[in-house]
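Note sheet for the following structure.
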Amino acid sequence: MEKTRLKYNKLKEVLAQKSKQNYELADHLGVSENTVSKWVTNTRQPDIETYHDIAKYLGVTIHDLLEATPPPIAKSAKKPRTENS
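So the sequence shown is numbered by my numbering: it starts at 229 and just counts up by one.
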């Protein structure tokens, strides 16, 4: 069974909704703007404690920053059976 993946790119959406820039979040957290850029582009993810700090700074919940999405479903190459098959 394949595990559910977490989609972390909602950070970009939330930053835009709150009219915040990457550098502002970086300054608040004491990290580089490059680090925040990696979080926003889903190249890397912050640890859970940092997610808590991000959520608090943006006035949202951690759930607002994270979105669970199921893995894509592969389409079957088989044709559906008909009554005459």
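Idealized CB from N, CA, C, for every residue including glycine.
Check	Outcome
Quickly, what does DSSP pair residue 241 with across the bridge? List them, please.	Per DSSP, none; premise fails for residue 241.
Smallest Cα separation from residue 270: which of 294, 244 and 245?	294
Could you pull out every residue in the same chain whose Cβ sits closer than 6 Å to the Cβ of residue 265, ignoring the five residues on either side in sequence?	250
On the CB-based measure, 16 or more other CB atoms within 10 Å of its CB, does residue 366 come out buried or exposed?	Nothing in the structure corresponds to residue 366, since the chain is present only between 229 and 313.
Taking 7 Å as the CB-CB limit, is residue 276 close to chain D?	In the structure shown, chain D does not exist; there is a single protein chain.
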